[in-house]
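Engineer: The structure that follows is given in the form of structure tokens.
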């Protein structure tokens with residue numbers, strides 16, 4: 155049961171979509187216990203793991219009321235004190251997510267309530283997000299996070315084979331675990347040979363999200379055997395993840411990180427925003443990738459559940475093509491409402507993104523706050539490849555300055571309006587003056 159709770163916490167960790175919390179208010183006493191536990195735990199278990207204190211300002215948020223409780227005062231003096239905690243409320247324009255967030259003159263680790271009752275799961279989540287707070291200081295932030303090629307069948311097959319091999323290596327503590335790492339690197343290299351456009355973006359997301367998740371798992375789960383079991387359970391459930399476009403690094407990051415720790419190399423001191431975890435593993439274990447990748451792929455396929463993976467991905471591909479056709483019809487053949495980004499803040503579920511390749515990425519569930527207002531969707535919105543605008547399908551209804559369509563609603567701020575594009579059926583949101 156503990157392992158299932160850990161899995162649930164992992165899925166919650168990568169689920170940034172706005173969630174409703176039925177609690178009426180925050181329990182300050184319980185919040186203080188959370189703060190005390192993670193502070194004491196980290197002091198004794200690697201608070202300076204990266205050379206910078208992981209523990210710092212924490213903000214717990216009730217997403218239904220936007221009420222918050224923190225472990226520290228704010229420089230602006232907005233928060234009120236109650237015992238050893240501080241409380242207040244976020245503004246309507248504030249995005250709520252598990253993330254690093256700048257508010258009241260301070261950078262916080264923002265965490266959505268309720269927290270998991272399982273202590274290991276809770277610590278993994280908190281430490282992951284604490285890493286994001288210090289990530290800029292460590293210079294381990296990276297651009298190019300969208301990996302649309304990972305929605306394609308062949309890329310998914312090779313990624314899943316890589317994960318199978320990495321997990322096999324992690325569970326195998328004998329010397330021949332290096333053979334499994336070699337297999338993982340062969341699958342990885344073949345995928346990158348077939349999809350070279352993903353080399354930089356894959357590596358970037360593994361730094362941006364994979365390293366925080368590795369840190370959470372490494373430090374948050376004290377027992378090595380429990381950590382390894384956690385990884386195995388995650389891989390066993392991977393078919394339940396609809397898309398790897400934005401979520402794959404939550405799997406590869408911990409696996410590569412935990413395996414690199416076996417190498418006894420000081421890899422964490424060498425890593426930077428441009429590093430590639432696969433290259434680090436090859437160097438750490440003195441692995442040379444064979445030249446004839448296709449031949450090696452065929453030799454090793456069966457050893458890592460290749461037939462089962464391929465069968466599943468063939469079925470998924472049929473459904474994916476139907477979904478793509480539906481979204482292309484919705485956003486490219488019909489009339490749409492276009493909202494250009496000004497200073498956008500976004501919440502979304504990274505597990506279910508759908509790539510439309512050069513046309514952009516569909517976010518089935520989404521919330522965006524910008525200068526023009528707030529838009530939420532439950533049936534898909536398209537963001538262009540340059541992240542300059544969001545598109546939703548028509549028709550829509552308007553009432554008192556609020557707009558709604560099939561699965562979406564838009565609240566416009568004062569000073570903005572919706573207009574029809576001359577000579578087109580499309581609409582835009584623009585300033586009133």
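Numbering (the working numbering), first residue to last: 155 to 587. Cβ atoms here follow ideal geometry from the backbone N, Cα and C, with glycine treated the same way.
1. On the three-pair Cβ rule with 8 Å, is the stretch 425-443 touching the stretch 403-411?
2. Whole angstroms is fine: what's the gap from residue 388's alpha carbon to residue 245's?
3. Per DSSP, which one or two residues make a beta bridge with residue 562?
4. What are the boundary residues of the alpha helix (DSSP H) that includes residue 259?
5. Compare the C-alpha of residue 435 against each of 543, 500, 249, 338 and name the closest.
6. Can you have a look at residue 211 and say buried or exposed, based on whether 16 or more other CB atoms are within 10 angstroms of its CB?
7. Per the DSSP calculation, residue 536 is bridged to which residue(s)?
8. Please classify residue 476 as buried or exposed, where buried requires at least 16 neighbouring CB atoms within 10 angstroms.
9. According to the neighbour-count rule (16 or more other Cβ atoms, all chains shown, within 10 Å of its Cβ), is residue 486 buried or exposed?
10. Counting Cβ pairs, one atom from each stretch, are 3 or more of them under 8 Å apart for the stretch 183-203 and the stretch 270-283?
11. Pull up the DSSP beta-bridge partners for residue 552, would you.
12. Can you confirm whether the stretch 412-430 touches the stretch 354-370 when touching is taken to mean that 3 or more C-beta pairs between the two stretches lie within less than 8 Å?
13. Along the chain, where does the beta strand (DSSP E) containing residue 582 start, and where does it finish?
14. I'd like the list of long-range same chain contacts for residue 300, defined as Cβ closer than 7 Å, with 5 residues on each side in sequence excluded.
15. Quick check on residue 480: does DSSP put it in helix, strand or coil?
16. Could you have a look at residue 344 and say whether DSSP puts it in helix, strand or coil?
17. Is the stretch 330-350 touching the stretch 373-392 in the sense that three or more CB pairs, one from each, lie closer than 8 Å?
18. Using the Cβ count rule (16 or more neighbours within 10 Å means buried), how would you classify residue 238?
19. In the DSSP output, what is residue 224 paired with across the bridge?
20. Can you tell me where the alpha helix (DSSP H) with residue 232 in it begins and where it stops?
21. Just checking my contact of residue 502 with residue 519 at CB under 8 Å: how many whole Å lie between their CB atoms?
22. Tell me residue 509's beta-bridge partners as DSSP assigns them.
23. Alpha carbon to alpha carbon, what distance is there between residue 347 and residue 441?
24. Can you give me the Cβ contacts of residue 539 inside the same chain, cut-off strictly under 7 Å, excluding the 5 residues immediately before and after it?
Structural biologist: The structure says:
1. yes
2. Sequence index remark: in the chain shown, residue 388 carries index 234 (1-based). Sequence index remark: in the chain shown, residue 245 carries index 91 (1-based). Whole-angstrom Cα-Cα distance: 36 Å.
3. The count along the chain shown starts at 1 and reaches residue 562 at position 408. Paired residue(s): 531, 559.
4. Taking the chain shown and counting its residues from 1, one reaches residue 259 at position 105. That residue, residue 259, is in no alpha helix (DSSP H); it is neither H nor E in DSSP.
5. Counting from 1 along the chain shown, the entry for residue 435 is found at position 281. Closest by alpha carbon: 338.
6. For the purposes of this step, residue 211 is identified with residue 57 of the chain shown, where counting begins at 1. Result: buried.
7. Stepping through the chain shown from its first residue, residue 536 is reached at position 382. According to DSSP, residue 536 bridges with 516, 545.
8. Mapped onto the chain shown, residue 476 falls at position 322. That one is exposed.
9. Looking up residue 486 in the chain shown gives position 332. Exposed, because fewer than 16 other Cβ atoms sit within 10 Å of the Cβ of residue 486.
10. yes
11. To locate residue 552, count along the chain shown from 1; it is residue 398. 557, per the DSSP bridge assignment.
12. yes
13. The count along the chain shown starts at 1 and reaches residue 582 at position 428. Run containing residue 582: 581-585, per the beta strand (DSSP E) assignment.
14. Within the chain shown, residue 300 is the residue found at index 146, counting from 1. The residues are 355, 399, 400, 515.
15. Here the question's residue 480 lines up with position 326 in the chain shown. It is helical.
16. Here residue 344 refers to the residue found at position 190 when the chain shown is read from its first residue. Of the three classes helix, strand and coil, the one that applies to residue 344 here is helix, per DSSP.
17. no
18. Reading the chain shown from its first residue, position 84 is the one you call residue 238. Answer is exposed; the Cβ neighbour count stays below 16.
19. As a position in the chain shown, residue 224 is number 70, starting the count at 1. 213, 240.
20. Residue 232 sits at position 78 when you count from the first residue of the chain shown. Segment: none, residue 232 is in no alpha helix (DSSP H) and carries neither H nor E.
21. Here residue 502 is taken as the residue at index 348 of the chain shown, counted from 1. Here residue 519 is taken as the residue at index 365 of the chain shown, counted from 1. Confirmed, about 7 Å.
22. As a first step, residue 509 is located in the chain shown; it is residue number 355 there, counting from the start. Answer is 515, bridged to residue 509.
23. Here residue 441 refers to the residue found at position 287 when the chain shown is read from its first residue. Here residue 347 refers to the residue found at position 193 when the chain shown is read from its first residue. Going by the C-alpha atoms only, they are around 18 Å apart.
24. Residue numbering aside, residue 539 sits at position 385 when the chain shown is read from its first letter. If we look at residue 539 and ignore the five residues flanking it on each side, its Cβ neighbours are 512, 514.
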